[in-house]
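Residue numbers (our numbering): -9 to 724.
We treat Cβ as the ideally placed atom computed from N, Cα and C, and that holds for glycine.
Predicted model, so just to flag it, every value in this text is computed and none were measured.
Here the structure comes first, spelled out in structure tokens, and everything after it is commentary.
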Amino acid sequence: MATDLFGRSRRFLSRLRLRLHPFAVALLALALMLTPLFNALGYESSLASGVFVPLVIGFYWLRPWPLWKKVRGSLILLAIVPAALLVNMLFVRNCTYLEGLLFYVLAAGFGSLFAGAMAMAIRSFKVRWPRVLFVLIYIALLLAPVLTRLYTSPQIFFFNHLFGFYAGSIYDETIELDSRYVFFRLETVLWSVAFVIIALRFYLRRLQFAALLIFTLGSAGLLNLQSDSLGITSSTDIIHRELSPLTPNSVVIANRNMPPDRKARLEHRVRLELSDLCRIIGDSAMQLDVYVYPDAAMKKRFTGADETEFAKPWRREVHITEQSFESTIRHELVHVLFARHGERLFGISTSVGLIEGIADALETPGLDWTTDEQAAALFELNLAPQKAESILGGFGFLTGVIPANYTLMGSFVKFLLREHGIAKFKAVYAQGDFEKVYGQSPSVLVAAWTASLKKIIVPAELRRNVKARFDRKSIFQTECPHAVARLLREASRAASAQQYLTARDLYRDVLSMTSQKNPRALNGYLTARLNLAIDNHAELQQVIIEADSIAGTMAEPLPARFAVANAMLASGAYHMDSVRTRLSAIYQSHLSFGYDLAAAIRLAYLGSGLEGNYFSSRLSAEEKLHLLHTQHSEARLDSAKQPLLTLLIAERLYSRDDFSETVKLLRNLPPFAQPELEFERSLLWMRSALELSNDGQARLALAAAERAGTRCIGAAAKAQYVHHLTRLYENAGY
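Structural data, given as structure tokens:
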């Protein structure tokens, strides 16, 4: 009887073990179904499945069952997640299920092939604890290659034989399949075949076994040696084939085709920023490398970061694009400089909020509103988390609206620096132990900070600016985020290439995915249609009527209304009073300095009687400069036209790094009555003079910029920016 009971118990346990595998995968599927962003079959859900499903299937292949049973069972296990997420489409929209299925096959499918083959090889050695050995090897293969590449190379993307592919920055929404994934999975297949050969070695002749194994491992090795050239891995060596320093001691490593004087200016600017930051932080200078890529495509190819600029503090590296250099270089340098105060291995803080907070606090100020003003508005508009201290941690920071969290943490760190000094912040940075360093809990410090923000007056213009910038969904709340981001990028490129028909269709596809609600797609769609109709007055009028109707339904209609006014001005087919009325309304909204300046320039253009074709997006930069020079020559004696044309020519020359000519044009130009035009004039003048180390002209321009800034909306931010720029150069001896 006891023997019979024991036998029944063994059979029960055997059946239970058989059911544990599908139960484990079903639990994963349920978790994915309930988690935003992961609840549709795509990159994220496939990545999570690639971590877990191969582990389960590896255990499955350690069982002493027939081969046909293991194959059938593995296919059933692999089908659970895509089947569950297919059913979930009844409740959650998935715009690209088939693409998601391909992601899943490449991630969980090939990862399971690798894990199952590895389990076969382990089982063939008849070790005492095969499951323990399998788990140890699994964890090692899951983590060791990733951590090694992360620590020793510039890349932040990773290919792995188990989970497949991690794209890189969590801030980049444009994630797509490419040939690199296929080549890498070919290597996975070769390794899997090698494991199977090892498992079947007793069924092969010795010479046959050796030949097959050497051929398979040799093929995998040859493919691995091509990893850099295939884009599967990246290294400083392959980056240096495209980017190079100006001299062996240069900090900046930029495009080989970049003119040497341009490289020298970037080098000079980086050294100025480093000197200023080291003075503020109270540290000595350090050796680092700043990689400046000509465009986001090259940066993504070598590092994995698309629209994101980033630093690797532990490697003393910064990776940015040339287009974003001015706005982001200081932010990324702060990350590297604070490596001295971070935890020992990676030189960062355990608090994501502190990592980004100090970089935001010390970065180049913006021209619209100060960080504290924006933070005050975020709280007033209920766009900040109810528990602000939650964004000190990684989960709270990364699952919210990330741009808003940057601003909030920047304001909080500014408060800590003002009230307690830099020394205490350096002490708290590594571990985020506020009690130990400040003698107060994070919640108490956050309460004091929010109390200080309540003293800031939040005008209507600030509320509108903050609402337009930060009142958006996080990636976890967005439908089809990767498909939408990819189409938006393609549409933007088409519009930049003046392929307006293609751009219109792509933007329309995005609108169909987002229930006609995506603001970037709406604005892009309307702009593309306006450009297509600009030469046909009747069609343009119809588009304008439609655009006005759509703008009325948008949360922030000003960009669409500006596009309409600009098209009317550029076409020359409308009564200028109608255009002036629209531009005046845009200017009086004061959404941002950029829109204020753009509206002011166009209003001045109208007032001087100039034709508006200069504002057509169909003209290239060279064509616009030629047109300005022509108009300038024709209006040599016209005092109403000369100042504005001179300013616009100076803008074009400054964008081409012709600082000497910019100073010549602007230094004798009479001040503009319009504050935005005068601030733009004095700012271009000052920047150019500083680049030329012309102290006398820089001081004259500084005084003009300070006067003009006080007359603009957001005067505190303008003053802060001007002060920052002058301090940067003055501390270097200019």
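| Asked | Found |
| --- | --- |
| Residue 521: first and last residue of the uninterrupted alpha helix (DSSP H) it sits in | 509 to 523 |
| Three or more C-beta pairs below 8 Å linking the segment 65 to 74 and the segment 138 to 153 | no |
| Close-in-space but distant-in-sequence residues of the same chain around residue 405 (CB under 7 Å, 5 per side omitted) | 439, 442 |
| Nearest-angstrom Cβ-Cβ length linking residue 51 and residue 109, presumed shorter than 8 Å | 4 Å |
| Residue burial classification, residue 355 (beta-carbon count within 10 angstroms, cutoff 16) | buried |
| CA-to-CA distance, residue 530 to residue 590, given in whole angstroms | 24 Å |
| Contact check, residue 659 vs residue 695, beta carbons under 8 Å | no |
| Between the CA atoms of residue 364 and residue 344 - distance to the nearest angstrom | 18 Å |
| Backbone secondary structure at residue 234 - three-state DSSP | strand |
| Closest residue to residue 129 among 506, 156, 662, 48 (Cα-Cα distance) | 48 |
| Residue 685: first and last residue of the uninterrupted alpha helix (DSSP H) it sits in | 685 to 699 |
| Which of helix, strand or coil DSSP assigns to residue 146 | coil |
| The beta strand (DSSP E) enclosing residue 603, as first and last residue numbers | Where residue 603 is concerned, there is no enclosing beta strand (DSSP E), given that its DSSP letter is neither H nor E. |
| Residue from 32, 561, 366, 519 with nearest C-alpha to residue 550 | 519 |
| Test item: CB-CB of residue 485 and residue 473 under 8 Å | no |
| Residue 671 burial status per 10 Å Cβ neighbour count (16 or more: buried) | buried |
| Nearest-angstrom Cα separation, counted from residue 655 out to residue 389 | 49 Å |
| Whether residue 346 touches residue 399 by CB criterion (8 Å) | yes |
| The segment 33 to 40 contacting the segment 86 to 94, beta-carbon criterion three pairs below 8 Å | yes |
| Within 8 Å, strictly: CB atoms of residue 679 and residue 653 | yes |
| Any C-beta of chain C under 8 Å from that of residue 485 | Of the chains in the structure shown, none is chain C; there is only one protein chain. |
| Run of the beta strand (DSSP E) containing residue 243, from where it starts to where it stops | 242 to 245 |
| Spatial neighbours of residue 257 in its chain, beta-carbon cut-off 8 Å, leaving aside the 5 residues before and after | 236, 240, 241, 242 |
| Cβ contact (3+ pairs, closer than 8 Å) linking the segment 454 to 461 and the segment 415 to 425 | no |
| Pair within 8 Å by beta-carbon distance, residue 185 and residue 152 | no |
| Of the residues 114, 155, 115, 116, the one placed nearest residue 133, counting alpha carbons only | 155 |
| Rounded straight-line distance, which links the Cα of residue 602 to that of residue 665 | 22 Å |
| Residue 149 burial status per 10 Å Cβ neighbour count (16 or more: buried) | buried |
| Exposed unless 16 or more other CB atoms sit within 10 angstroms - verdict on residue 339 | buried |
| The segment 209 to 223 touching the segment 168 to 186, judged by at least three CB pairs closer than 8 Å | yes |
| Extent of the continuous alpha helix (DSSP H) to which residue 385 belongs | 384 to 389 |
| C-beta atoms of residue 300 and residue 159 nearer than 8 Å | yes |
| Beta strand (DSSP E) runs contained entirely in the segment 530 to 609, provided each spans 3 or more residues | none |
| Three-state secondary structure (DSSP) of residue 2 | Because the pLDDT of residue 2 is 49, which lies under 50, any placement of that residue in the model is unreliable, and the number read from its coordinates should be weighed accordingly. Three-state DSSP puts residue 2 in a helix. |
| Separation of residue 324 from residue 352, as counted between CA atoms | 7 Å |
| Span of the beta strand (DSSP E), counted from its first residue to its last, around residue 155 | 154 to 156 |
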